[in-house]
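Using numbering that gives the first Met the number 0, read the sequence shown as starting at 0 and increasing by one per residue. Quick notes on the structure that follows.
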Amino acid sequence: MEKRYFHSTILNKAFEYHVVAPDHPITEGNILYVQDGNDYLELGKFLEAFHGLKSKGLVPNDNWIIVFIHPGTSEERWHSYNRKGSYFHSYIQMMHTEFIPFVEKELSVRNVIKRGLLGDSLAANISLNIAAKQPSMWTHLLLQSAAISQQDLDEIYNMDQPLHWKVYQTVGIYEDEFVSPITNERLYIYTRNRELAEVFRKKGASVQLTEFEEHHLWVVWERDLPNALKFLFHS
0 MEKRYFHSTI
10 LNKAFEYHVV
20 APDHPITEGN
30 ILYVQDGNDY
40 LELGKFLEAF
50 HGLKSKGLVP
60 NDNWIIVFIH
70 PGTSEERWHS
80 YNRKGSYFHS
90 YIQMMHTEFI
100 PFVEKELSVR
110 NVIKRGLLGD
120 SLAANISLNI
130 AAKQPSMWTH
140 LLLQSAAISQ
150 QDLDEIYNMD
160 QPLHWKVYQT
170 VGIYEDEFVS
180 PITNERLYIY
190 TRNRELAEVF
200 RKKGASVQLT
210 EFEEHHLWVV
220 WERDLPNALK
230 FLFHS
C-alpha cells in the first residue's frame, strides 16, 4: 500500500489518499473508491479483510485497485459528506473532475470494468451522491448504514434514467435511534435505508439489503466488510 497526496483546486485543499494495486501494470481493471479511507484502514481493517479473501481464492482477478480517500477532520468530513455542508457539492465536483481522472491517469488504467464506491454512515451518503452525479460511470455501491436525508432519497427518486447499479446495503434495526454528534439530529437511518432500497429497485438497480440486530457502530461494519467485498467481486 502506498500513501499519496492530491491537491484539489476546487476545494483549495490537499487530500491524503492510499492506493492498493497489483505490482504489474494494469490497462484493464477494476477500481473501488473508499470514502472515510483512513477509518476503513484502521477501524474497518480493510486490508485484513481484502487479503483474507485473497488467500482463500475469493478475489477472482489480480486486477483490483483500491483507492482510499480521507476527508480530513470530523468537521471537514461533515461539510464534505452532508448535503447541508459547505463543501458538499464542491466535493462531488472534485471527485468527478479532479480526483478520479487524476488517479486513473496516474495508474494508467484505460479500461475500467467495475468501478465502485464504498462508504459508512455519511461516507455512504456521499458515495451515493457521487454515483448519482454520473450514474453510468459506476457499477457497484457498497453502503454500510448510509446516513441519508429525505432530500437525498428524493434526489434518487427523481432521477430521470434507470439505474444499472449493483447495490450492497446493510443497516441495523436500532439505527433510527442514532443522533448526529455534529447536529444533534436524529437521522432515522434504519427507516431511510429501507426506503432507499425500494427506490433503488423502482429505478432498476439490483439491491441486496441486509438488516442486523445492531446499532450504528464501526465494529458492525468491520465484521460485515468481507461480505460487502465478496458482493463486489462476484456480482
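Note that beta-carbon positions come from the ideal geometry of N, C-alpha and C, so glycine has one too. It should be emphasised that the depicted structure is a prediction, and the values quoted were computed from it without experimental measurement.
Proximal residues to residue i (C-beta, below 7 Å), its chain only, five neighbours per side dropped
| i | result |
| --- | --- |
| Q150 | R82 |
| V219 | G171, F211 and E213 |
| P161 | K202 and G203 |
| V102 | V66 |
| L224 | G43, F45 and A48 |
| E15 | K2, Y4 and H69 |
| F232 | L57, V58 and P59 |
Beta-carbon proximity of residue i to residue j, cut-off 9 Å
| i | j | result |
| --- | --- | --- |
| Q133 | H78 | no |
| V33 | I9 | no |
| F230 | H139 | yes |
| F45 | V58 | no |
| Q92 | A123 | no |
| G36 | F67 | yes |
| L208 | L52 | no |
| L152 | R200 | no |
| H23 | M0 | no |
| N226 | Y167 | yes |
| D61 | W217 | no |
8 Å contact criterion, which residue i and residue j should meet: CB distance rounded
| i | j | result |
| --- | --- | --- |
| I125 | L195 | Their Cβ separation, rounded to whole angstroms, is 14 Å, which puts I125 and L195 out of contact at 8 Å. |
| G171 | L141 | In fact, because the Cβ distance is near 16 Å, the residues do not count as touching under 8 Å. |
| E213 | Y173 | 7 Å |
| K165 | S135 | Not confirmed; about 14 Å, so no contact. |
| F106 | A20 | Checking the displayed sequence, the identity of residue 106 turns out to be Leu instead of Phe. About 6 Å; that satisfies the 8 Å criterion. |
| H215 | S120 | 7 Å |
| W137 | A130 | 4 Å |
| E221 | L42 | 6 Å |
Nonlocal neighbours in the same chain, by C-beta distance under 6 Å from residue i, ignoring five residues either side
| i | result |
| --- | --- |
| G84 | W77 and H78 |
| P70 | R76 and S79 |
| E27 | N110 |
| I181 | W77 |
| H88 | none |
| K55 | none |
Cβ shell of residue i (< 8 Å), same chain only, five flanking positions each side left out
| i | result |
| --- | --- |
| E184 | V178 |
| V108 | I25, T26, E27, G28, I30 and I64 |
| A13 | Y4, F5, H6 and S7 |
heavy atom of the ligand NAP below 8 Å from residue i C-beta
| i | result |
| --- | --- |
| Y80 | Here there are no bound small molecules, and the ligand NAP is not part of this structure. |
DSSP beta-bridge partners of residue i
| i | result |
| --- | --- |
| L31 | I65 and G115 |
| S7 | K12 |
| H139 | G115 and K165 |
| N110 | E27 |
| H17 | K2 and F67 |
Legend entry - Contiguous alpha helix (DSSP H) assignments of at least 4 residues, all confined to the stretch 150-228: 188-201
Inset, instruction - Report the residue ranges of all beta strand (DSSP E) runs contained in full by the stretch 47-95; include only those spanning at least 3 residues, in chain order. - result: 63-68
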